[in-house]
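*Asks:* Shown below is the structure under consideration.
Residue numbers (the numbering used here), protein chains in the order written: chain C, 3 to 320; chain B, 3 to 320.
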């Protein structure tokens, strides 16, 4: 990837046309909000621009994509990837185009050479912060739909400013979205203030079944495959459940196990005193210090045995 | 109350000394954060300043009050009330001083004449926004403890920027707190990202027992008095539970009933299409359009009958 400055990125977008925005696999608010906002902004500059349909778009984010999507990549399109960290995360609808991404805009600090050229700023909490700066450089008048897409991006990637990645820049970017007319409360209601009854039932199940070890320092929760059908859970309901155990008062290591066929998927979340990545490495997985994962054989029982052994190996007396 | 401008308020604080900060009954993050921040700021100006102990301070907020509190009001003290909307909300430790509050700083737009002089700005989402502006006018160097007290005030009164009262000013004030060294994530972890297991058990109970009417548009939840003991709930656990039903997808009118002796306390939360205050007026109570309350005789059953009749009287077919 040829690294560009932000003004060079703006220059590239001014010089070309026929843009297709790409979102990442299992798309979230940041990738969708960025694609929608940049697409809308480029249209305001008189460019033709679309967001490529992603078969994994969920209901919650559909309003941001209204009137912007296209089912397939047309010939001679300029491909722009927003918030796609690696080539492995290309959407299923564009897997074959991994070597043809003309411009990549991202905030993930990976060493992936993915993308012909691009701008990557790992200091941004959300890719949406970068897109806001870019639209300013392009002198795009940011209207309500663009501002709401950006606010969706910025707020969802920071847990509505609750997570540790939130900076003063994040909060000021959100303030700018409001200045530009975003109904931030309407976004918050959908993203942070409403839970489906099914999701509440999942949380109630986990509250009743979570097991505690090491005097309450370790919490292990498990979701059997049958529960999804039994409670009528969607992917949106299960989406961000991995943090459940970690967020119980006193818990320093929160483990979420998910049964997927004959395998057990392990998600570990830790407070700063512990290393989720080191724990998951014992199980053949990896990730970041505060959040990591692994997949093992033997379903939920296999996963539970493996992760407890791994936690013990990291020096926690269970 | 003689209304002051913000510069006049700053002038008053510069001219006097021996300050005692007062917090409101059932104190929250805004009243405590403001009292702590202003107390710390006045000390930096060389003034003697304390926060009056409030018998209702809860554990969660104790860190902000470290080294600042005094058990009783000394002679010749200048009393400053932060975030106290009416004389009826004076702390139990200063009930007899309701006519001796020298300065009132608040963001509640009531017509209460309470306080000898004061500055009230109802456009501020949190009183903390006003205190930040005031400390700027006083040229107080805002350090980490003051910035964290202000961030606690601003974030808790807006549900970490999720509620409809949040403005661009709110977000920029929070950004300023970060600029001044506030560890906003540490505050968020305690206030928004950690739940006691007992609280989760309360939510699980409510998930299992909430009743729905009008095709899911109305949700009625109830907390029997015995549940508090049974689940080991503290006031902090129950504190903000009134919104529980309203935040379930599809619900427009969320009712929370609480058994208190032979009485039933009704809390109603509504979406913009309904009027919580009008509903509670039928039960002899009142409040705001989106949030209101009432207390009736007959325990939980009496309260349930009364509130369902009131909702029907407001034109909802149950």
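Glycine is no exception: its CB is placed at the ideal position from the N, C-alpha and C atoms.
Fair warning: this is a prediction, and the values are worked out from it, not measured in the lab.
For residue 52 of chain B and residue 122 of chain B, I'd like the C-alpha separation in whole angstroms.
*Replies:* In a straight line, the C-alpha of residue 52 of chain B is about 22 Å away from that of residue 122 of chain B.
*Asks:* Between the beta-carbon of residue 36 of chain B and the beta-carbon of residue 104 of chain B, is there less than 7 Å?
*Replies:* No.
*Asks:* If you drop the 5 nearest sequence neighbours on each side, which residues of the same chain put their C-beta closer than 7 Å to that of residue 139 of chain C?
*Replies:* Contacts found: 8, 9, 12.
*Asks:* Just the chain B side, please: which residues come within less than 9 Å of residue 190 of chain C by C-beta, in chain order?
*Replies:* Going along chain B in sequence order, the residues near residue 190 of chain C (Cβ under 9 Å) are 161, 163, 164, 165, 166, 168.
*Asks:* Starting from the beta carbon of residue 174 of chain C, find every residue of chain B whose beta carbon is closer than 8 Å, and list them in chain order.
*Replies:* 173, 174, 177, listed in chain order.
*Asks:* Roughly how many angstroms lie between the CA atoms of residue 28 of chain C and residue 59 of chain C, to the nearest whole one?
*Replies:* In a straight line, the C-alpha of residue 28 of chain C is about 7 Å away from that of residue 59 of chain C.
*Asks:* Within its chain, find whatever has a CB closer than 6 Å to the CB of residue 224 of chain B; leave out the 5 residues flanking it on each side and keep chain order.
*Replies:* Within the same chain, residue 224 of chain B has close Cβ partners 259, 302.
*Asks:* Where does residue 138 of chain B fall in DSSP's three states?
*Replies:* The answer is helix: DSSP assigns residue 138 of chain B an H, G or I state.
*Asks:* Note down, in chain order, each residue of its chain lying with its Cβ closer than 6 Å to the Cβ of residue 92 of chain C, except the 5 sequence neighbours on either side.
*Replies:* Taken in chain order, the residues that qualify are 100.
*Asks:* Taking DSSP as the reference, what is the three-state secondary structure of residue 3 of chain B?
*Replies:* Reduced to three states, the DSSP call for residue 3 of chain B is coil.
*Asks:* Going by DSSP, what residue range makes up the alpha helix (DSSP H) through residue 209 of chain C?
*Replies:* Looking at the DSSP string, the run of the alpha helix (DSSP H) that includes residue 209 of chain C is 199-211.
*Asks:* Closer than 8 Å is the cut-off here; do at least three beta carbon pairs connect the segment 251-265 of chain C with the segment 193-207 of chain B?
*Replies:* Flag = yes, the segment 251-265 of chain C and the segment 193-207 of chain B touch.
*Asks:* Find the residues of chain C that neighbour residue 203 of chain B, judging by a C-beta separation of less than 7 Å, and give them in chain order.
*Replies:* Those within 7 Å of residue 203 of chain B in chain C are 209.
*Asks:* For residue 39 of chain C, would you say it is in contact with chain B, using Cβ-to-Cβ distances shorter than 7 Å as the test?
*Replies:* So no, residue 39 of chain C is outside the interface.
*Asks:* According to DSSP, is residue 85 of chain C part of a helix, a strand, or is it coil?
*Replies:* Three-state result, residue 85 of chain C: coil.
*Asks:* From B/56, B/285, B/146, pick the residue whose C-alpha is nearest to that of residue 186 of chain B; which is it?
*Replies:* When only C-alpha atoms are compared, the closest one is B/146.
*Asks:* Let me check understanding here. Comparing Cα to Cα, which of C/236, C/237, C/279, C/263 lies closest to residue 255 of chain C?
*Replies:* It is C/279 whose Cα lies nearest to the Cα of residue 255 of chain C.
*Asks:* In the DSSP output, which residue or residues are listed as bridge partners for residue 108 of chain B?
*Replies:* Note: residue 108 of chain B sits in a beta bridge opposite B/122.
*Asks:* Between which two residues does the alpha helix (DSSP H) carrying residue 279 of chain B extend?
*Replies:* First-last of the alpha helix (DSSP H) with residue 279 of chain B: 278-283.
*Asks:* Quick one, which residues of the segment 215-245 of chain C are near chain B if we go by CB-CB under 7 Å, in chain order?
*Replies:* Those would be none; no residue qualifies.
*Asks:* How would you call residue 286 of chain C, buried or exposed, if buried means at least 16 neighbouring beta carbons within 10 angstroms?
*Replies:* Flag for residue 286 of chain C reads exposed.
*Asks:* Nearest chain B C-beta to residue 322 of chain C closer than 7 Å, yes or no?
*Replies:* This structure leaves residue 322 of chain C out entirely; chain C is present only between 3 and 320.
*Asks:* Listing by chain order, which chain C residues have their CB less than 7 Å from the CB of residue 181 of chain B?
*Replies:* Those are 170, listed as they occur along chain C.
*Asks:* Using the Cα positions of residue 158 of chain C and residue 65 of chain B, report the straight-line distance between them to the nearest angstrom.
*Replies:* Computed Cα separation, rounded: 29 Å.
*Asks:* Buried or exposed: residue 242 of chain C, going by 16 or more other Cβ atoms within 10 Å of its Cβ?
*Replies:* Result: exposed.
*Asks:* Apart from the five residues on each side of it in sequence, which residues of its chain come closer than 8 Å, Cβ to Cβ, to residue 314 of chain C?
*Replies:* Same-chain partners within the cutoff: 320.
*Asks:* Check residue 23 of chain C in the structure and name its three-state DSSP category.
*Replies:* Reduced to three states, the DSSP call for residue 23 of chain C is strand.
*Asks:* Whose Cβ in chain B lies nearer than 7 Å to the Cβ of residue 186 of chain C?
*Replies:* Within chain B, the residues near residue 186 of chain C are 168.
*Asks:* Could you check which residue in C/42, C/74, C/38, C/50 has the C-alpha nearest to that of residue 18 of chain C?
*Replies:* Of the listed residues, the one whose Cα sits closest to residue 18 of chain C is C/50.
*Asks:* Tell me the start and end of each unbroken beta strand (DSSP E) in the segment 24-61 of chain C that is at least 3 residues and wholly inside, in chain order.
*Replies:* Here the runs fully enclosed are 51-54.
*Asks:* What does DSSP give as the partner residues of residue 269 of chain B in its beta bridges?
*Replies:* Per DSSP, B/258, B/295.
*Asks:* Looking only at its chain, what residues have a beta carbon closer than 6 Å to the beta carbon of residue 261 of chain C, apart from the 5 residues adjacent to it on each side?
*Replies:* Excluding sequence neighbours, residue 261 of chain C sits near 226, 227, 301, 302.
*Asks:* Residue 127 of chain C: which of C/169, C/137, C/142 sits nearest, CA to CA?
*Replies:* Of C/169, C/137, C/142, the residue nearest in Cα terms is C/169.
*Asks:* Per DSSP, what kind of secondary structure is residue 240 of chain B in: helix, strand or coil?
*Replies:* In the structure shown, residue 240 of chain B sits in a helix (DSSP, three-state: H, G or I).
*Asks:* According to DSSP, residue 214 of chain B sits in a beta bridge with which residue or residues?
*Replies:* Answer by DSSP bridge pairing, in chain order: B/221.
*Asks:* Below 7 Å between beta carbons: does that hold for residue 154 of chain C and residue 194 of chain C?
*Replies:* For residue 154 of chain C and residue 194 of chain C, no; Cβs fall outside 7 Å.
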